[in-house]
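To start, the structure under review is shown below, and the notes come after it.
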Amino acid sequence: MTHPVSLAEIWRGPRPESVHLGHAVICDAGGGIVEAWGNPDEVVLPRSSAKMIQALPLVASGAADSAGLGPEQLALACASHNGAAIHTDRVGRWIAGMGLGDDDFRCGAHMPWDKPAHDALLCSGTAPCQVHNNCSGKHAGFLTLGRHLGGGPDYIDLDHPVQRAVMEAFETVTDAPSPYHGIDGCSAPNPATTLRAMARAMAWYAGAGEDTAEERAARRLWQAMVAHPDLVAGEGRACTELMRACSEPVALKTGAEAFFIAILPQRGLGVALKIADGGTRGAECAIAAILVRLGVLDPGHRAARRLCNAPIINWRGIETGAIRPAAALA
52 MTHPVSLAEI
62 WRGPRPESVH
72 LGHAVICDAG
82 GGIVEAWGNP
92 DEVVLPRSSA
102 KMIQALPLVA
112 SGAADSAGLG
122 PEQLALACAS
132 HNGAAIHTDR
142 VGRWIAGMGL
152 GDDDFRCGAH
162 MPWDKPAHDA
172 LLCSGTAPCQ
182 VHNNCSGKHA
192 GFLTLGRHLG
202 GGPDYIDLDH
212 PVQRAVMEAF
222 ETVTDAPSPY
232 HGIDGCSAPN
242 PATTLRAMAR
252 AMAWYAGAGE
262 DTAEERAARR
272 LWQAMVAHPD
282 LVAGEGRACT
292 ELMRACSEPV
302 ALKTGAEAFF
312 IAILPQRGLG
322 VALKIADGGT
332 RGAECAIAAI
342 LVRLGVLDPG
352 HRAARRLCNA
362 PIINWRGIET
372 GAIRPAAALA
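Quick note: the sequence shown uses this note's numbering, first residue 52, plus one each step.
Here it is, written out as structure tokens:
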């Protein structure tokens, strides 16, 4: 078995001080490995990087069209958003249009990551609602699909029609049975798969045409993400900044515990990576380096410089080191 390899390094002085080890795979539309680092067959939980797969039945079933959902809602269904007003207002209107409210979510509440929204709640002494959860767009999609399929209110249960549809979609696009599942931070099941299978799934999204309902759904989802990078994450977030920075359409999505995917439609490629220690800074540096390597991100772009070869500044404003991609990615 291949062990994780260095993907990102923290330099201080003449040598690395810390190293983020991990695995990364680039697949083509046929599922072949174009490049790999570490172990392509490492079994992983893709966490929120799988949201576009979890949203596939929402679109392919006709539920999205029946509910009148547009690209903004589809982007939010794939999002781990900041909980800013641009996110919560849209999700709130979405579920209100179905006659539903915050209590119908099953994702739980947490403080928004968006600073103005966070500060507004603190200053007013108001507790966050479930709509502030970064996964509320995904859960609005689950509610929409659940209504379309005639399921009950507990749409996160593994045997609910929504989750059965998600699991079927997941195993179809990864072309592999899921060996187990974990429960995500938002309480929904998260199927496990190999890194190679996840990259293959992203390449399938990249190459999706118009032949089947599933392919048309995949195209609509990545197109929605690319059209609305601000809804997929938010200001200051790597997903949003890198999608804006790429020289061609690229859909990007982070996942908890340092997972990241990329969908490159013009090249028919999919990328999946996992940093073994769960360090987000390592995953962001590695995905930026891979985008530079593939020629879709200018290494001099501000977003690339912030994540890849970024200086580390101390409290006196002195540059003390840097976050760099490992030599294997450079």
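Note that the Cβ used here is the ideal one computed from N, Cα and C, for glycine as well.
Only a predicted model underlies this, so the values are computations on that prediction, with no experimental measurement involved.
query                                                                                                                                                             : result
Give a yes or no on whether the C-beta atoms belonging to Val277 and Met294 are separated by under 8 Å.                                                           : yes
Run the CB neighbour count on Gly203, radius 10 Å, all protein chains shown included, and call it buried at 16 or more, exposed below.                            : exposed
By Cβ distance, which residues of its chain are closer than 6 Å to Ala362, with the 5 residues on each side in sequence left out?                                 : Here the sequence assigns Pro to residue 362, which means Ala is not the residue at that position. The answer, listed in chain order, is Glu370, Ala373.
Decide yes or no for the touch test of the stretch 73-92 against the stretch 347-363: beta carbon pairs closer than 8 Å, at least 3 of them.                      : no
Work out the CA separation of Gly150 and Glu93 for me, nearest whole Å.                                                                                           : 43 Å
Are the stretch 124-143 and the stretch 265-282 touching, with three or more C-beta to C-beta distances below 8 Å?                                                : yes
Any idea which residues DSSP pairs Ile61 with across the strands?                                                                                                 : Ser69, Ile374
Are there 16 or more other CB atoms within 10 angstroms of the CB of Gly258, so buried, or fewer, so exposed?                                                     : buried
Count the other CB atoms, across all protein chains shown, that sit within 10 Å of the CB of Ala135; report buried if there are 16 or more and exposed otherwise. : buried
Please confirm whether Ala334 and Pro376 have their CB atoms less than 8 Å apart.                                                                                 : no
Tell me where the alpha helix (DSSP H) around Thr291 begins and ends.                                                                                             : 289-296
Could you tell me the boundaries of the beta strand (DSSP E) in which Glu86 lies?                                                                                 : 84-88
Relative to the C-alpha of Arg144, which candidate in Lys166, His161, Ala191, Cys180 has its C-alpha closest?                                                     : Ala191
For my contact list, Asn184 and Cys158 are in at a C-beta cut-off of 8 Å; report their separation, rounded to the angstrom.                                       : 4 Å
What residue range is occupied by the uninterrupted alpha helix (DSSP H) comprising Thr139?                                                                       : 136-147
I need the DSSP call for Phe221, collapsed to helix, strand or coil.                                                                                              : helix
Thinking C-alpha only, which one of Gly188, Thr225, Asp281, Pro97 is nearest Leu120?                                                                              : Gly188
Suppose the cutoff is 7 Å on Cβ atoms and the five residues either side in sequence are ignored; what does the same chain contact list for Ile104 look like?      : Ala220, Phe221, Val224, Ala252
Return the CA-CA distance between Gln317 and Ala379, expressed in angstroms with no decimal places.                                                               : 25 Å
Which full runs of the beta strand (DSSP E) of 3+ residues lie inside the stretch 294-373, going along the chain?                                                 : 302-306, 310-315, 320-326, 361-364
Going by beta carbon distance, what residues of the same chain come within less than 7 Å of Arg344, once the five residues before and after it are set aside?     : Leu380
In three-state DSSP terms, what is Asp79?                                                                                                                         : strand
Skipping 5 residues on each side, what residues in its chain have a beta carbon closer than 7 Å to that of Val213?                                                : Phe193, Leu196, Gly197, Leu200, Gly202, Tyr206
If you draw a straight line from the C-alpha of Val70 to the C-alpha of Ile326, how long is it?                                                                   : 10 Å
Considering only their Cβ atoms, is the gap separating Ala160 from Ile341 smaller than 8 Å?                                                                       : no
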